[in-house]
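Participant: Chains as they are written, first to last, in the numbering used here: chain F, 1 to 370; chain Y, 1001 to 1370.
Ideal Cβ placement from N, Cα and C applies to all residues, glycine included.
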């Protein structure tokens, strides 16, 4: 079976993990957690990183720190993994869906501007939905399959509408926009190190921010909100146990050492796919949008025309043949828990759902025919 | 430094963890997760186990599945780790504190009965607080430092008051009550495998239940509520990413193989402590309550009389000397987030807080002078 994306361990993974076991430091304290966070800062250029237990937890923390509370609406794209919306729901908020761009597959600045003009207003400095009277608390953009959205335009729009921008960068570690790593434009951003990501900690995530106050809050909130004391157990708020175990961070340190090589291999694979599909009729290979140097986390082919049965025929044939392929996630506004969520016109996302197929994208595939 | 409780790896930990890395199965699917769950079922005799990312997540799942929702009160003890109350808060509930028993250190059946008679009534089959008019949604008892509470009496009281009993068994893996493993009396129970527990997965937990419907719900809810399909990503509710990575489960399988030996060693250590303290004036060693065969997770000494300065003098002297000791957790009703929570008389917990000291309890200490 050719996997969609399988992890690759051939650096110091075993050495670091063994060190944890040998020293007994496997749990929620230990040097690999600190080293992992430092390595993330060094690689992304974002000044603070808090390692957490997974990408969903990272998103939850971003939304809590952005101040999302009961009955807030949070603008996000319908084409995303369920965690984006789940994290909004954990805060008591409701997603408000805005369409994606056909050139990035992520939140579309034009659609966002149109939607805000149509439905939002600023009341006493706060962005509100004119129809529902609910506060709009934030915008979450997601870098779909690793490709960066138009961050400069989205950030400018958010600033104009008094909305904090959060980057769901779960899939975009190793992806840059206008020369800077994704995660730089948002007030906060969330990364994932799940087993299917470009590098993995087994399960893991991180909250990235350039804001030192938010970084301190992220660390405090995710480590049970315990106050420092030689022996007393005092907690000054309802905290979360979102700590990444040292065992998983050890794996992550070894993986981050490989990240530049992995990005290079995945870009090589994408180039080869692009060439292979160049002259194929009715299908195109999706290439990185302008301004973005992508990690090509999951490669995408698109049918020229929406055709669910053609899509399913390809999915059936490839999976039957041991080549793992997948459609896009079911669009969020079509899931039962978000059936009542407000949304604008979502025709780009709806078309993509009928046209999009992810094809095998493991790092090794980019190396194997060098 | 003599730790309070350090993990011990000398079985198949390396072998199983290396197998994960060698095969690439480190993440949220893999055979060690299934094996870990089966081993928990075999050891505890409770029919279903869902491995999750940590004990806090396990508690959260127990409370969600018990139906706790916005503005419910949940009865629990003030002498516990902050996670018990945090999990209640995640559901929108509020703790309602009832005192602990001096013989178990956990929730006191007499205090619970008094408190329910004083403040609760059954309205249309639902237990309500007469004063606050809020629903009382559940009772959570915690097996403090591994010692079982009086589960038969608590379960009978809960049944009479239409209250689901949840066991916070985070500390009591390996502890039995009336011949059955803790976790058997609650509708649901939560176990922790944090690094300081009797066995560890780095970070991890499990939801245990004898109810097959709740077990299916626990698995579904903790694995993003995804519906099974060959390739579609459909989620029928707001799910959680509480999956234990295979890497951590592998460590856990090796640890569970050692559990009976670890319990035996810890019981030997407790016996030795009991003898050592037998003739010491003004201090007693806490021994397991009647009906309980305890794992003696953290050993406890108690000053005969509440005296915070005597307690702190011992804490200072021992920690200065490299012998790690700790007081009880700050009582939950004294923490800022729960300052407004309802509570009855808590004089036993308050006395214990001034008298209780945890002393070094690692497995190796029970073996070293056999």
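Based on the DSSP output, what are the partners of residue 243 of chain F in its beta bridges?
Facilitator: F:52
Participant: Determine, for residue 1085 of chain Y, whether the minimum Cβ-Cβ distance to residues of chain C falls below 9 Å.
Facilitator: Absent from the structure: chain C. Protein chains present are F and Y.
Participant: Span of the alpha helix (DSSP H) holding residue 366 of chain F?
Facilitator: 363-367
Participant: Would you list the residues sitting across from residue 142 of chain F in a DSSP beta bridge?
Facilitator: F:168
Participant: Below 7 Å on C-beta distance, what does residue 1014 of chain Y contact in chain F?
Facilitator: By Cβ distance, chain F contributes 18, 21.
Participant: Check the Cβ-Cβ distances between residue 240 of chain F and every residue of chain Y, and say whether any is below 9 Å.
Facilitator: yes
Participant: Who are the neighbours of residue 1257 of chain Y on chain F, taking C-beta pairs under 8 Å?
Facilitator: Here the premise fails: no neighbours, minimum Cβ distance about 15 Å.
Participant: Are the CB atoms of residue 1272 of chain Y and residue 1311 of chain Y nearer to each other than 9 Å?
Facilitator: Against a cut-off of 9 Å, the Cβ pair of residue 1311 of chain Y and residue 1272 of chain Y comes out as no contact.
Participant: What residue from Y:1208, Y:1197, Y:1078 has the CA that sits closest to residue 1044 of chain Y's CA?
Facilitator: Y:1208
Participant: Can you find a CB in chain Y that lies within less than 9 Å of the CB of residue 53 of chain F?
Facilitator: yes
Participant: So, residue 1292 of chain Y versus residue 1175 of chain Y, is the Cβ gap smaller than 9 Å?
Facilitator: yes
Participant: Distance check for residue 316 of chain F and residue 404 of chain F, CA to CA, integer angstroms please.
Facilitator: Because chain F spans 1 through 370 in this model, residue 404 of chain F falls outside it and cannot be assessed.
Participant: Thinking C-beta only, is residue 1231 of chain Y closer than 9 Å to residue 334 of chain F?
Facilitator: no
Participant: Does chain F have any CB closer than 9 Å to the CB of residue 1315 of chain Y?
Facilitator: yes
Participant: According to a CB-to-CB cut-off of less than 8 Å, which residues of the region 1333-1347 of chain Y neighbour chain F?
Facilitator: Per Cβ criterion, the list reads 1335, 1336, 1337.
Participant: How many angstroms separate the CA atom of residue 370 of chain F from the CA atom of residue 278 of chain F?
Facilitator: Low confidence applies here, because residue 370 of chain F scores a pLDDT of 47, under 50, leaving its location unreliable and the question unanswered by this model.
Participant: Based on the DSSP output, what are the partners of residue 207 of chain F in its beta bridges?
Facilitator: F:50, F:190
Participant: Mind pulling the chain F residues with CB within less than 8 Å of residue 1231 of chain Y?
Facilitator: 315, 319, 325, 326, 327
Participant: Around the C-beta of residue 99 of chain F, are 16 or more other C-beta atoms found within 10 angstroms, so that it is buried, or is it exposed?
Facilitator: buried
Participant: State the DSSP-derived secondary structure class of residue 1370 of chain Y, mapped to helix, strand or coil.
Facilitator: Unreliable positioning characterises residue 1370 of chain Y in this predicted model, as indicated by a pLDDT of 47, which lies under 50. A coordinate reading is not provided.
Participant: Would you grab the beta carbon distance between residue 283 of chain F and residue 302 of chain F for me? Rounded to a whole angstrom, and I think it's under 8 Å.
Facilitator: The beta-carbon separation of residue 283 of chain F and residue 302 of chain F, rounded to 7 Å, stays under the 8 Å limit for a contact.
Participant: Report the three-state DSSP secondary structure of residue 1321 of chain Y (helix, strand or coil).
Facilitator: coil
Participant: Tell me the DSSP secondary structure of residue 1327 of chain Y in three-state form.
Facilitator: strand
Participant: Can you give me the C-alpha to C-alpha distance between residue 1332 of chain Y and residue 1001 of chain Y, rounded to a whole angstrom?
Facilitator: Answer to the nearest angstrom: the Cα atoms are 29 Å apart.
Participant: Fully enclosed by the region 1021-1099 of chain Y, which alpha helix (DSSP H) runs are 4 residues long or longer?
Facilitator: 1031-1044, 1055-1065, 1082-1090
Participant: Of all the CB atoms in chain Y, is at least one closer than 9 Å to the CB of residue 424 of chain F?
Facilitator: Outside the modelled stretch of chain F, which goes from 1 to 370, sits residue 424 of chain F, for which no answer is possible.
Participant: Please list the partners that residue 1243 of chain Y has in chain F, where partner means a Cβ-to-Cβ separation under 7 Å.
Facilitator: At a C-beta separation below 7 Å, residue 1243 of chain Y has these neighbours in chain F: 203.
Participant: What's the C-alpha gap between residue 157 of chain F and residue 113 of chain F?
Facilitator: 7 Å
Participant: Taking 9 Å as the threshold (beta carbon to beta carbon), is residue 1009 of chain Y in contact with chain F?
Facilitator: yes
Participant: Determine, for residue 1226 of chain Y, whether the minimum Cβ-Cβ distance to residues of chain F falls below 9 Å.
Facilitator: yes
Participant: Can you tell me whether residue 168 of chain F is buried or exposed? The criterion is at least 16 other CB atoms within 10 Å of its CB, across all chains shown.
Facilitator: buried
Participant: Quick one: residues in its chain with C-beta nearer than 6 Å to the C-beta of residue 1351 of chain Y, no 5 flanking neighbours on either side, listed in chain order?
Facilitator: 1306
Participant: Quick one: list the residues of chain F neighbouring residue 1330 of chain Y, beta-carbon separation under 8 Å, in chain order.
Facilitator: 232, 233, 234, 235
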